[in-house]
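Number of protein chains: 2
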Amino acid sequence: MRDARYQQIADDLRSRIERGEYPRGGKLPTEKELMEYYDASRNTIRDAVRLCVNLGLVQPQAGRGTFVTEEINPLVITLTRGGPSVGGETAQYLSEVLPTQHDARSSVPRVEVREAGIAPELRLGAGATVVSRHQERYLDGRPWSLQTTFYPMDLVTRGATRLLGPDNIEPGAVSYLSEALGIEETGWRDRVIVRVPDPAEATFFQLADDGRVAIMEIRRTAFQASGAPVRLTVTTCPADRNELLFSTGQVPAESW
Amino acid sequence: MRDARYQQIADDLRSRIERGEYPRGGKLPTEKELMEYYDASRNTIRDAVRLCVNLGLVQPQAGRGTFVTEEINPLVITLTRGGPSVGGETAQYLSEVLPTQHDARSSVPRVEVREAGIAPELRLGAGATVVSRHQERYLDGRPWSLQTTFYPMDLVTRGATRLLGPDNIEPGAVSYLSEALGIEETGWRDRVIVRVPDPAEATFFQLADDGRVAIMEIRRTAFQASGAPVRLTVTTCPADRNELLFSTGQVPAESW
DNA sequence: CCGTATTTGTTCGTATGTATT
DNA sequence: CAATACATACGAACAAATACG
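Here the protein sequences come in this chain order: X and E. In terms of the numbering used here, the numbers along the first sequence are unbroken and rise by one, the last being 256. In terms of the numbering used here, the numbers along the second sequence are unbroken and rise by one, the last being 1256.
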């Protein structure tokens, strides 16, 4: 069957954008001009443009015009341990693998005690509780990720009381747990999920509230030697500005 | 500022869906009924429903009605080597880590010789060529992933001529390269990118052509001991039906 | 700073086409 | 074949954001 008219127009706009006829960052013709050019009604033009918006090709701005989306250089997040010694013992937070040429800042943690049900990866019983430490993370002043780490309340009971404090744990919660309780992380498992942002994420990341940009959710469960989970760290970030990298076995250093 | 009316209606629909008032798989009221209930025009109702569609909450079907999206049980793709011996030498294709309780089938590979520029991860010179082997993969009869593996043409020249054959390489290209040329994969690097489907992907995966469902692209570069890349395997699949799993260090076996 | 023009955003009305029941 | 329900398309009006003299 023949495509609808707004689809044909969207296809044409798409190919013009990809041919560079409308350069990145540049302005699309106004709706009025497109109406005349394609001899279509305003609503049909708007349907076509909306399709291009959903494909991430253009971004309309009320009062200004519709602009071709600029290329974004995604930030690379390395999920495996850095350096050549893959078997090393230096467990790291996701945050610590950020490129150093960026200005990374975090909000003060928001600490709560919650039911264990929200962190099923920790495999705690029905009545158990967890400490959650939530942070907003910024990169070069722009919102970059939301991160929440869940610890079994048990760790606090056993002496790791700083997990309840609202200040940052320096030089890191992993080494704190090692010093305070002798708990060493021997590895972790990362689960990556792509989904639509919830309203809070859409607000924080300044995304359109219509699910246009997906969210990447990384759920890292870290384990100690006994196989018991130590923590669950959930990191969410917009999927269009980030990519993941991880290595298995012996690989050469990245040179790009 | 007050939300637009279609947004308010969409919010209301959303909360009703989440409260279970409209159960999963069930039918939303018709546009006519919603028009009467919210005392809004049909276009406004349609704008509200479209928002819910973009959020993945509902799926309209012409002539039938609008249905609340069913929960998807995502397929888990493990990107690290299986089993407890993380340092083992059994390199695997992504395909081989599929759960065995599914019926996994692949199309006959489409083999082409192409310019090396399309596989920059292989770090080949300007005039070099690569062999590309492309497969469509199905799970339980449904399209599941598209996979293309690129090998330096050099490997064929050195004797791995079966890379050019249009039949499947049994029991796997990795062991074939080991037998034919003594090339052992010592590790790989996976890069994960989330993006909008291109038209070919939208067709194969039977996705809406409007970028509603994101695509996960996994680019696996495998290396030999010398650090030289052996192959690049690019796997794409719909991001809403799949999740990734990978382990670092010592982790207990999955028990769920 | 103000007022006007421009441009996109929202909302209504209406008609017709296409898919399903 | 008729009725129902969503899809496409046109027209019109006003609102809100921005640009500009």
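Note that beta-carbon positions come from the ideal geometry of N, C-alpha and C, so glycine has one too. Predicted model only: the values in this text are computed from it and were never measured.
For X/D12, which residues of its own chain have a beta-carbon under 6 Å away from its beta-carbon, when the five flanking residues on both sides are left out?
Translated into positions along the first sequence, residue 12 of chain X becomes position 12. Same-chain partners within the cutoff: there are none.
Quick check: the Cα distance between E/Y1022 and E/P1060, rounded to an integer number of angstroms?
For the purposes of this step, residue 1022 of chain E is taken as the residue at position 22 of the second sequence. For the purposes of this step, residue 1060 of chain E is taken as the residue at position 60 of the second sequence. Rounded to the nearest angstrom, the two C-alpha atoms are 14 Å apart.
Hey, which unbroken runs of the beta strand (DSSP E) at 3 residues or more fall wholly within the segment 1204-1251 of chain E?
1215-1224, 1229-1238 and 1242-1249
Using a Cβ cut-off of 7 Å, pull out every chain E residue sitting near X/I193, in sequence order please.
Looking up residue 193 of chain X in the first sequence gives position 193. By Cβ distance, chain E contributes E1243.
For the alpha helix (DSSP H) containing E/R1005, list its first residue and its last residue.
Along the second sequence, read from residue 1 onward, the residue named residue 1005 of chain E stands at position 5. Unbroken alpha helix (DSSP H) run through E/R1005: R1005 to E1018.
Name the chain X residues whose beta carbon is nearer than 9 Å to that of E/L1188?
Locating residue 1188 of chain E in the second sequence gives position 188, where the first residue counts as 1. Checking the sequence, you will find Trp at residue 1188 of chain E rather than Leu. Chain X residues near E/W1188: S247, T248, G249 and V251.
Test item: CB-CB of E/V1131 and E/L1146 under 9 Å:
Looking up residue 1131 of chain E in the second sequence gives position 131. Looking up residue 1146 of chain E in the second sequence gives position 146. For E/V1131 and E/L1146, no; Cβs fall outside 9 Å.
Does the beta-carbon of X/Q206 have 16 or more other beta-carbons within 10 angstroms, so that it is buried, or is it exposed?
Here residue 206 of chain X refers to the residue found at position 206 when the first sequence is read from its first residue. With fewer than 16 Cβ atoms within 10 Å of its Cβ, X/Q206 is classed as exposed.
Taking 9 Å as the cut-off, decide whether the C-beta atoms of X/E71 and X/R114 are in contact.
On the first sequence, residue 71 of chain X is found 71 positions in, with the first residue counted as 1. On the first sequence, residue 114 of chain X is found 114 positions in, with the first residue counted as 1. No. Outside cutoff.
Check whether E/Q1224 and E/E1185 have beta carbons under 9 Å apart
Here residue 1224 of chain E refers to the residue found at position 224 of the second sequence. Here residue 1185 of chain E refers to the residue found at position 185 of the second sequence. Yes.
Name the chain E residues that come within less than 7 Å of X/M35, Cβ to Cβ?
The residue given as residue 35 of chain X occupies position 35 in the first sequence. Correct list: empty, because the minimum Cβ distance to chain E is about 18 Å.
Indicate whether at least one CB of chain X lies closer than 9 Å to the CB of E/V1076.
Position 76 of the second sequence holds residue 1076 of chain E. It does: the Cβ of E/V1076 has a partner Cβ on chain X nearer than 9 Å.
Provide the residue(s) that pair with E/D1190 in DSSP beta bridges, ordered along the chain.
Position 190 of the second sequence, counted from the first residue, corresponds to residue 1190 of chain E. Beta-bridge pairing links E/D1190 to X/F246 and E/R1220.
Let me know the beta strand (DSSP E) ranges lying completely inside the segment 114-194 of chain X, each 3 residues or longer, listed in chain order.
129-139 and 142-152
Scan the segment 1202-1217 of chain E for residues whose Cβ lies nearer than 8 Å to a Cβ of chain X and list them as they occur along the chain.
D1209, D1210, G1211, R1212, A1214 and M1216
Answer with buried or exposed for E/N1054, where buried requires no fewer than 16 other C-beta atoms within 10 angstroms of its C-beta.
Within the second sequence, the letter at position 54 stands for residue 1054 of chain E. So E/N1054 counts as buried.
Taking X/G56 as the query, report the chain E residues whose CB atoms sit under 7 Å from its CB, ordered along the chain.
Taking the first sequence and counting its residues from 1, the one referred to as residue 56 of chain X is at position 56. Result: V1196 and G1211.
Less than 9 Å between CB atoms is the rule here; does X/D240 satisfy it with respect to chain E?
Here residue 240 of chain X refers to the residue found at position 240 of the first sequence. Taking Cβ atoms only, chain E reaches closer than 9 Å to X/D240, which makes this a yes.
According to DSSP, is X/A202 helix, strand or coil?
Against the first sequence, residue 202 of chain X aligns to sequence position 202. Note: X/A202 maps to helix in three-state DSSP.
Cβ separation of X/T236 and X/R220, assumed to be a contact under 8 Å, to the nearest whole Å
Taking the first sequence and counting its residues from 1, one reaches residue 236 of chain X at position 236. Taking the first sequence and counting its residues from 1, one reaches residue 220 of chain X at position 220. At roughly 12 Å, the Cβ-Cβ gap does not stay under 8 Å, so X/T236 and X/R220 are not in contact.
What are the partner residues of X/E112, as DSSP defines its beta bridges?
Start at 1 with the first residue of the first sequence, and residue 112 of chain X comes out as number 112. Bridge partners of X/E112: X/S132.
In whole angstroms, what is the alpha-carbon distance linking X/R162 and X/P152?
Reading the first sequence from its first residue, position 162 is the one you call residue 162 of chain X. Reading the first sequence from its first residue, position 152 is the one you call residue 152 of chain X. Cα-Cα distance, rounded: 13 Å.
Give me the Cα-Cα distance between E/A1239 and X/R195, rounded to the nearest whole angstrom.
Taking the second sequence and counting its residues from 1, the one referred to as residue 1239 of chain E is at position 239. Taking the first sequence and counting its residues from 1, the one referred to as residue 195 of chain X is at position 195. Whole-angstrom Cα-Cα distance: 8 Å.
Is there contact between the segment 174-191 of chain X and the segment 1176-1190 of chain E, where contact requires at least three CB pairs shorter than 8 Å?
no
Contact under 9 Å by Cβ, E/K1027 with E/T1066
Sequence index remark: in the second sequence, residue 1027 of chain E carries index 27 (1-based). Sequence index remark: in the second sequence, residue 1066 of chain E carries index 66 (1-based). Yes, the pair counts as a contact, with Cβ atoms nearer than the cut-off.
Among X/D198, X/L124 and X/S106, whose alpha-carbon lies nearest the alpha-carbon of X/P229?
Locating residue 229 of chain X in the first sequence gives position 229, where the first residue counts as 1. That would be X/L124, whose Cα lies nearest to the Cα of X/P229.
On a Cα-Cα basis, can you pick out the residue from X/F246, X/S106 and X/A10 that is closest to X/N43?
In the first sequence, the residue the question calls residue 43 of chain X occupies position 43. The shortest C-alpha separation from X/N43 is found at X/A10.
Taking E/L1051 as the query, report the chain X residues whose CB atoms sit under 9 Å from its CB, ordered along the chain.
Indexing the second sequence from 1 puts residue 1051 of chain E at position 51. Within 9 Å Cβ-Cβ: D209, D210 and G211.
When the Cα atoms are used, what is the spatial distance from E/L1181 to E/T1148?
Counting from 1 along the second sequence, the entry for residue 1181 of chain E is found at position 181. Counting from 1 along the second sequence, the entry for residue 1148 of chain E is found at position 148. Their backbone Cα atoms lie some 22 Å apart in a straight line.
Closer than 7 Å by beta-carbon distance: list the chain X residues that pair up with E/R1081, in chain order.
As a working mapping, residue 1081 of chain E is identified with position 81 in the second sequence. Going along chain X in sequence order, the residues near E/R1081 (Cβ under 7 Å) are T248.
Run of the alpha helix (DSSP H) containing X/I264, from where it starts to where it stops:
This structure cannot settle anything about residue 264 of chain X, because the visible part of chain X is limited to 1 through 256.
State the DSSP-derived secondary structure class of X/V53, mapped to helix, strand or coil.
On the first sequence, residue 53 of chain X is found 53 positions in, with the first residue counted as 1. Note: X/V53 maps to helix in three-state DSSP.
On the DSSP bridge list, what partners appear for X/P60?
Position 60 of the first sequence, counting from 1, holds the residue named residue 60 of chain X. Note: X/P60 sits in a beta bridge opposite X/T66.
Using the Cα positions of E/M1258 and E/W1144, report the straight-line distance between them to the nearest angstrom.
Residue coverage of chain E in this structure runs from 1001 to 1256, which leaves residue 1258 of chain E outside it and unanswerable.
Look at E/E1254 and E/L1075 and say whether their C-beta atoms are less than 9 Å apart.
Mapped onto the second sequence, residue 1254 of chain E falls at position 254. Mapped onto the second sequence, residue 1075 of chain E falls at position 75. Not a contact, by the Cβ cut-off of 9 Å.
Does any residue of chain E bring its CB to less than 9 Å from the CB of X/F223?
Counting from one through the first sequence, the residue named residue 223 of chain X turns up at place 223. Judged by the 9 Å Cβ criterion, X/F223 is in contact with chain E.
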